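In my numbering, the protein residues as written are 98 to 368. I have placed the structure first, in the form of C-alpha cells, so that the comments after it can refer back to it.
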Amino acid sequence: MPELPEVETTRRGIRPALVGHPVTGVVVRNARLRLPVPNDLETHMSGHALRDVRRRAKYLLLDFDSGSLIVHLGMSGSLRVVSRSAPVGSHDHVDVLFGCQVLRLRDPRRFGLLTWQDGDPLDHPLLAHLGPEPLEPGFGGAWLHQVTRGLRIPIKQALMDSKRVVGVGNIYASESLFRARVHPLTPAGRIGLVRYRRLADAIKETLTDAIRAGGSTLRDYVGGDGRAGYFQQHYFVYGRDGESCRVCAALIDRRVVAQRATFWCPRCQRR
DNA sequence: CCACGCTCCTGCGCGC
DNA sequence: TGCGCGCAGGAGCGTG
98 MPELPEVETT
108 RRGIRPALVG
118 HPVTGVVVRN
128 ARLRLPVPND
138 LETHMSGHAL
148 RDVRRRAKYL
158 LLDFDSGSLI
168 VHLGMSGSLR
178 VVSRSAPVGS
188 HDHVDVLFGC
198 QVLRLRDPRR
208 FGLLTWQDGD
218 PLDHPLLAHL
228 GPEPLEPGFG
238 GAWLHQVTRG
248 LRIPIKQALM
258 DSKRVVGVGN
268 IYASESLFRA
278 RVHPLTPAGR
288 IGLVRYRRLA
298 DAIKETLTDA
308 IRAGGSTLRD
318 YVGGDGRAGY
328 FQQHYFVYGR
338 DGESCRVCAA
348 LIDRRVVAQR
358 ATFWCPRCQR
368 R
C-alpha cells in the first residue's frame, strides 16, 4: 500500500532516469482505473521532454511544457522504469515510452489513476483543495490544533483526512500516534496544543524515517522486475495486535475505527 | 461545516 | 491439497 514514503521513493527513483528525455509514445492496455485514462495522452506528451517529477500528497506530477501527467498509485500501484524488452504483466496498464526506456504503471487493484492536466497540475480539482504537506513549513502542532477545534471524531480519523494534512495513511496514522503517545480514539477536539506539537513532530519523524528506509530500495524503481520495491519497515504497532509493545511489552490492541484497522499500545498511549 | 457509510478491485490468508 | 469466502485498503463522493 503506497503511502507517502513509497510515493516519494518512487519519485526519487524514476526522476533521474527520465528528466530531460522526450516522450516517444504511450501505450494504454487498460484505461479502466479510478478515473478513465484519457485517450489523447499521446497527443499531449509525444515529442515533449519531461521537465521534472514532483509530488503533492500521494500524487506524482510529471511536468512537461505542455502540462502535467498526474499519477496516483492507489493502494496496489507501482511505477517503474524498465527496458523496452521487459515482459508485460497482466496488470501493467499504461506505458509511457521514453525511447528505449519505459515508464510502466502496474496496478492490480486499479485504485490508482493516471490523468492529464493542461497548465498547473495543482489546479486540478483533485489537488486544488488539499491540506498542507506534513514535511513542509506550515504544518505543525499549531496547525493541527487550529483545524481540530470542535471536532468529535477520533484523532486517528482526523489525521487521515487530507484537508487537515496530506499523506498520513492508515499505517502511519497508527505509527505516528504511538510515537506521540496519543491514544487513537481520543476526540480530536479535546487534544491540546502541547500534545499536538508532539503529534506533529511524530508525524514528521515517522515519515522521514520511512523515506530514509525507502532510499535503500531506490534501485528497485529503475530496471527492476516490478515485484520488488515495497520496502520492509519496522512497525511499532501496525499489524501487531496481540504482540508485545516494543517499548513496554504490553499487548498491542486493534479495533476498526471509521472502517480502518487501528492499532495501539494500551499502556503507552493515553486518551 | 460535520459525520458517516459506500464504492471501486483483486490478492491473499484463513478455515474447512 | 484444494477450494471458496471475506477482508484489506486510498480517497472521493453522496446523504442526512
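We put the beta carbon where it would ideally sit given N, CA and C, even for glycine. If you're wondering where the values come from, they're calculated on a predicted model, not measured in any experiment.
In this structure, does DSSP put residue i in helix, strand or coil?
i      : result
Ile268 : helix
Gln254 : helix
Ile167 : strand
Tyr335 : coil
Asp306 : helix
Ala154 : coil
Gly311 : helix
Asp217 : coil
Thr179 : Note that residue 179 is Val in the sequence shown here, rather than Thr. Here Val179 sits in strand by DSSP.
Phe208 : coil
Ser273 : helix
Arg107 : One point to set straight first is that residue 107 is Thr, not Arg, in the sequence displayed. Correct three-state label for Thr107: helix.
Gly235 : coil
Gly326 : Bear in mind that a pLDDT of 46 at Gly326, under 50, signals an unreliable position, so the number given afterwards is only what the model happens to contain. Coil at Gly326, not helix or strand.
Val370 : Since the displayed the chain opens at 98 and closes at 368, residue 370 lies outside it and no answer follows.
Leu296 : helix
Arg201 : strand
Please look up how many angstroms separate the CB atoms of residue i and residue j, rounded, as I've assumed it's under 8 Å.
i      : j      : result
Leu223 : Ile111 : Their Cβ separation, rounded to whole angstroms, is 21 Å, which puts Leu223 and Ile111 out of contact at 8 Å.
Pro133 : Leu304 : In fact, because the Cβ distance is near 31 Å, the residues do not count as touching under 8 Å.
Glu230 : Val263 : 6 Å
Ser173 : Arg206 : 4 Å
Leu202 : Val185 : At roughly 12 Å, the Cβ-Cβ gap does not stay under 8 Å, so Leu202 and Val185 are not in contact.
Ala239 : Leu290 : 7 Å
Confirm, please, whether the CB-CB distance from residue j to residue i is below 9 Å.
i      : j      : result
Arg261 : Gly228 : yes
Arg157 : Val104 : The sequence shown places Leu at residue 157, not Arg. The answer is yes: Cβ separation under 9 Å.
Ala154 : Ser259 : yes
Leu211 : His169 : yes
Gly164 : His141 : yes
Phe360 : Arg351 : yes
Ser143 : Thr121 : yes
Leu138 : Leu159 : no
Tyr335 : Ala307 : no
Arg109 : Tyr318 : yes
His280 : Gln356 : no
Thr245 : Ile288 : yes
Closer than 8 Å by C-beta to residue i: which residues in its own chain qualify, once you throw out the five before and the five after it? Chain order, please.
i      : result
Asp220 : Gln214
Arg131 : His169, Gly171, Arg207, Phe208, Gly209, Leu210
Asp189 : Arg126, Arg201, Leu202, Arg203, Gly323
Ala114 : Val178, Gln198, Val319
How many Å lie between residue i and residue j at the Cα?
i      : j      : result
Val354 : Gln243 : 23 Å
Asp298 : Phe275 : 12 Å
Arg309 : Tyr332 : 14 Å
Ala255 : Val344 : 26 Å
Ala285 : Pro234 : 22 Å
Phe236 : Phe208 : 28 Å
Arg126 : Arg295 : 46 Å
His226 : Gly216 : 17 Å
Gly171 : Val178 : 18 Å
Asp162 : Gly311 : 30 Å
Asp338 : Asn267 : 15 Å
Leu147 : Ala358 : 39 Å
Glu100 : Ser341 : 25 Å
Gly247 : Pro119 : 51 Å
Looking only at its own chain, which residues have a Cβ that is under 7 Å from the Cβ of residue i, when we skip the five neighbours before and after it?
i      : result
Cys197 : Ser180, Arg181
Pro363 : Ala347, Asp350
Glu302 : Arg276
What residues in its chain sit with their C-beta under 6 Å from that of residue i, if we drop five residues either side in the sequence?
i      : result
Leu282 : Pro251
Asp149 : Asp160
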